[in-house]
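Going from the sequence shown to the working numbering is simple: count from 1 and add 2.
C-beta: ideal position from N, C-alpha, C; glycine also.
In what follows, a single structure is set out as structure tokens and then discussed.
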Amino acid sequence: MARKVSTNMSIPLDLTVEILMKLPTKSLARFRCVSYQWASAIDKFIVIDSIVIRSLTQPPRDPHFIFDMCSSYDPFLRMRRVSPQTLSTLSYTYLYHKKNEEQLYHEKILGRSNGFAAQFQYVRGLIGYWRSGDNGQLTIHNPTTSQSVCLPVTRLAPTLFYLFGYDPFKNQYKVVCISTKGQSSCKVFILGFPSKEWWNMECSIGHHYPFDQAVCIDGKIYYKARTANWSEVLVSFDVRFEKFSLVQAPEDLPLFQGASLLVNYQGKLGCICCDEYNHEDVHMWVMEDAEKQEWSKKTFFNVLQDLPSWDMKLAGVTHPGGEIVIVHRNYLSEFASEVFYYDPKQDSRRRVEIQTTGSLVRVRPSENVTIWAVTDHVENLMSLKFDAY
């Protein structure tokens with residue numbers, strides 16, 4: 003009598019983890035749904051930080067882009083002011099490399115809703131943004147997993163500014179909320195923390211008004227602000243110790259709103275701006291020593307030469323490549339937009355055209371689209387499916 007052969011096979015957990023570790027990040031995000039065992043193996047045994055590190059060690063790629071489309075029923079409305087008739091769509095767009103072909107990948111982060119995205123900050127694969135029509139409520143979005151989570155309302159004064167950062171020592175993401183109206187008030191929120199609530203925090207540098215885009219480098223968030231006596235300052239926030247400090251900036255570094263852009267330049271705090279007279283040269287300051295707060299300055303000539311310079315803006319510096327990204331202030335074409343990359347080492351500039359589908363952006367006379375560049379994109383498997391906030 004033939005012996006019955008069992009077809010049930012059990013793959014050891016360590017072998018399963020070893021196989022999963024070699025898969026692309028997007029596949030790991032999908033395979034969470036295969037079974038509880040796979041989800042557990044991916045979440046518990048595959049160190050999420052190792053996925054980020056693996057992504058960081060890959061060859062540098064062109065930046066990803068965020069399209070912020072603000073629409074108003076008034077065709078003559080050009081200023082980005084808020085009104086009940088203002089709608090906004092936030093989209094994330096980038097080139098997806100597959101074997102020998104490139105295709106555009108588009109993901110709508112948030113559909114059309116009241117208000118516009120006042121600000122955003124990108125930290126290690128996660129996007130933090132808030133819009134005026136959502137009562138200033140912050141949303142965290144993970145482009146790798148296509149997950150989003152809205153943080154609880156802070157119940158601070160209505161005019162708010164958020165700082166989003168990462169503590170590499172404790173492997174924690176933190177959000178700081180600063181009230182820019184009335185008395186100085188600050189709160190901090192730890193992403194994924196069991197309490198799921200905002201904690202009061204003391205602001206050691208007094209009341210100030212943050213503005214423009216912040217940047218997180220090596221556990222510190224750097225941003226520009228205006229003090230109570232209307233002077234512009236450069237501020238740092240230590241994510242681990244939750245401490246504010248004033249940064250001594252060079253006297254010739256323009257800190258007023260919209261004049262310069264803070265960037266991550268090869269792991270150091272950098273600041274770039276166009277020359278205020280010819281708008282073709284670009285100045286770059288780099289804080290070479292964060293402890294001693296020692297800065298260096300370089301000037302690159304004719305970076306925006308032969309471009310409609312007054313219609314262009316600096317959008318960032320690629321990391322780790324070091325190319326300066328230049329985009330139009332407003333996206334005016336229906337289906338395409340051009341961006342430029344200036345390489346300081348080669349003193350050369352290249353042009354790239356972003357081809358988009360009609361479903362992504364159809365710009366009408368009453369619509370205004372701003373392009374934000376994410377110059378240091380990494381893949382992150384961190385799940386945002388926490389208990390409801």
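Item, Value
"Inspect the beta-carbon positions of G127 and V380 and report whether they are closer than 8 Å.", "yes"
"What are the partner residues of Q121, as DSSP defines its beta bridges?", "W132"
"Less than 8 Å between the C-beta atoms of Y211 and V217, yes or no?", "no"
"From V84 to R133, what does the alpha carbon distance come to, in whole angstroms?", "Caution applies to V84, whose pLDDT of 31 falls short of 50 and renders its modelled position unreliable; the model cannot decide the point."
"Which residues in the same chain as A230 place their Cβ atom closer than 6 Å to its Cβ, once the five residues preceding and following it in sequence are excluded?", "H209"
"Give the straight-line distance between the Cα atoms of T320 and V327, rounded to the nearest whole angstrom.", "7 Å"
"Can you check which of these residues, I373, T377 and S385, is closest to Q121 by C-alpha distance?", "I373"
"Which residue from P322, F258, S150 and Q174 puts its Cα closest to that of Q268?", "P322"
"Could you tell me which residues DSSP pairs with R352 in its beta bridges?", "Y343"
"Could you check which residue in L248, L15 and D220 has the C-alpha nearest to that of R2?", "Residue 2 cannot be examined here, being either before or after the span of the chain that is shown, 3 to 391."
"According to DSSP, K176 sits in a beta bridge with which residue or residues?", "G167 and I192"
"Scan the region 227 to 279 and note each continuous alpha helix (DSSP H) run of 4 residues or more that stays entirely inside, going in chain order.", "none"
"Considering just the uninterrupted stretch of the beta strand (DSSP E) at Q314, what are its terminal residues?", "The sequence shown places Met at residue 314, rather than the Gln named in the question. Run containing M314: M314 to V319, per the beta strand (DSSP E) assignment."
"To the nearest angstrom, report how far apart G318 and V376 are at their CA atoms.", "8 Å"
"Nearest to N266 by alpha carbon, out of N173, A41 and Q123?", "Q123"
"Determine whether the beta carbon atoms of K226 and F213 lie at a separation below 8 Å.", "yes"
"Output the boundary residues of the alpha helix (DSSP H) element that contains K28.", "T27 to F33"
"In or out: D378 buried (at least 16 other Cβ within 10 Å) or exposed?", "buried"
"If I follow the unbroken beta strand (DSSP E) through L140, where does it start and stop?", "L140 to N144"
"Taking the alpha-carbon of S181 as reference, which of F171, P170 and L162 has the nearest alpha-carbon?", "L162"
"Quick check: the region 277 to 292 against the region 303 to 313, are there 3 or more CB pairs under 8 Å?", "yes"
"So the candidates are P26, L15 and V151; which of them puts its Cα closest to the Cα of S385?", "V151"
"In the DSSP output, which residue or residues are listed as bridge partners for Q149?", "N144"
"Tell me, which residues are paired with I21 by DSSP?", "I21 is not bridged to any residue."
"Alpha carbon to alpha carbon, how far is K1 from G272?", "With the chain running from 3 to 391 in the structure shown, residue 1 is simply not present."
"By the DSSP assignment, the beta strand (DSSP E) with A216 in it spans what residues?", "H210 to I219"
"Along the alpha helix (DSSP H) that carries S42, what are the first and last residues, could you check?", "Y38 to S42"
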